[in-house]
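Numbering (UniProt numbering), first residue to last: 1 to 319.
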């Protein structure tokens with residue numbers, strides 16, 4: 001299978017042989033050695049540890065105690081510290097409640113991988129899918145650097161998430177999954193909303209969540225979902241895009257997919273404006289939506305440095 005045949009197979013979901021992956025030009029499919037080499041990128045940046053409100057210190061864990069991070073409220077019991085009374089819940093319920101906090105220990109970093117068809121495309125440097133895999137790998141290595149457990153999942157009811165694990169073994173399991181998911185589009189993809197359903201069941205308060213997604217995939221995710229995720233976790237969404245999507249030339253553009261060739265005349269002003277609304281306008285709208293819900297978001301182009309977003313992974317949340 002030549003380069004053209006490989007591209008058609010990736011777009012249509014046809015099986016791809018190992019020899020075709022090995023022969024693919026750089027940037028078409030991710031490789032495990034490529035993702036392993038990104039360890040030095042993550043370890044080369046050592047940002048200070050931050051809590052969800054920008055306070056330096058240890059990361060929170062799912063264990064509950066009298067630490068710095070709020071976990072939940074329960075009814076007041078004799079001996080509880082009166083300083084931790086949840087006055088709002090007490091007023092609503094008519095019964096005294098006290099707040100519980102998380103102990104500052106091990107944290108979970110979860111990578112959620114969108115595998116929508118639109119990601120298996122690119123015109124500059126690499127496919128969006130490859131950029132997503134590289135970003136996910138950097139997140140895995142950053143989690144190892146920070147002493148976190150690392151897990152990953154996609155929108156599937158058939159494939160279980162990569163379970164949380166620490167150390168190099170945990171990071172490599174995530175890298176292996178990213179290579180599989182972004183080498184060839186899974187044929188059982190159920191969408192980003194399903195992936196976030198699975199994520200919400202796995203996350204514990206104080207976790208760190210990285211979502212790799214095409215902007216169009218967020219159309220089917222309710223705003224309330226993002227609010228719920230951001231309420232108790234550090235959430236960062238990376239939106240993958242390509243320069244052709246945001247700044248298309250005013251010219252006749254040929255596209256090939258599933259064995260068919262289509263030409264789109266973007267020299268036409270009305271068609272060019274429609275293209276920009278569909279891609280650039282949608283991406284800008286998604287960014288605004290997420291920030292309004294307290295979610296950090298970064299647009300990562302296929303020709304950008306794969307770690308351009310990394311300072312946000314340890315930074316404070318957007319106001």
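We put the beta carbon where it would ideally sit given N, CA and C, even for glycine.
Given the structure is predicted, the values throughout are model-derived calculations rather than measurements.
Check, Outcome
"Rounded to whole angstroms, what's the CA-CA distance from residue 312 to residue 39? Just pull it up for me.", "18 Å"
"Distance, Cα to Cα, residue 280 vs residue 138?", "26 Å"
"What residue range does the beta strand (DSSP E) around residue 164 cover?", "162–165"
"Please report how far the alpha carbon of residue 248 lies from the alpha carbon of residue 119, in whole angstroms.", "17 Å"
"What does the Cβ neighbour count give for residue 185, buried or exposed, with the cut at 16 atoms within 10 Å?", "buried"
"To the nearest angstrom, report how far apart residue 171 and residue 44 are at their CA atoms.", "17 Å"
"Give the DSSP-derived three-state secondary structure of residue 201 in the structure shown.", "helix"
"Compare the beta carbon distance of residue 211 and residue 238 with 8 Å and say whether it is the shorter of the two.", "yes"
"Suppose you measure from the CA of residue 301 to the CA of residue 72; what does that come to, to the nearest Å?", "39 Å"
"Would you mind working out which of 134, 109, 91 and 95 sits nearest residue 33, comparing C-alpha positions?", "134"
"When the Cα of residue 223 is compared with those of 310, 193, 130 and 153, which residue comes out closest?", "193"
"What does the alpha-carbon distance come out to for the pair residue 240 and residue 299?", "6 Å"
"Tell me, to the nearest whole angstrom, how far the beta carbon of residue 251 is from that of residue 266; I am working on the premise that it is less than 8 Å.", "6 Å"
"With residue 134 as the anchor, note down where its alpha helix (DSSP H) starts and where it stops.", "128–145"
"For the segment 153–240, list the alpha helix (DSSP H) runs that are entirely contained and at least 4 residues long, ordered along the chain.", "167–183, 192–202 and 223–232"
"Pull up the distance between the alpha-carbon of residue 87 and that of residue 173, whole angstroms please.", "44 Å"
"Under the assumption that residue 160 contacts residue 150 (Cβ atoms under 8 Å), give the Cβ distance between them as a whole number of angstroms.", "Not a contact, Cβ separation roughly 15 Å."
"How many angstroms separate the CA atom of residue 28 from the CA atom of residue 122?", "8 Å"
"Helix, strand or coil for residue 86 per DSSP?", "coil"
"If you drop the 5 nearest sequence neighbours on each side, which residues of the same chain put their C-beta closer than 8 Å to that of residue 260?", "none"
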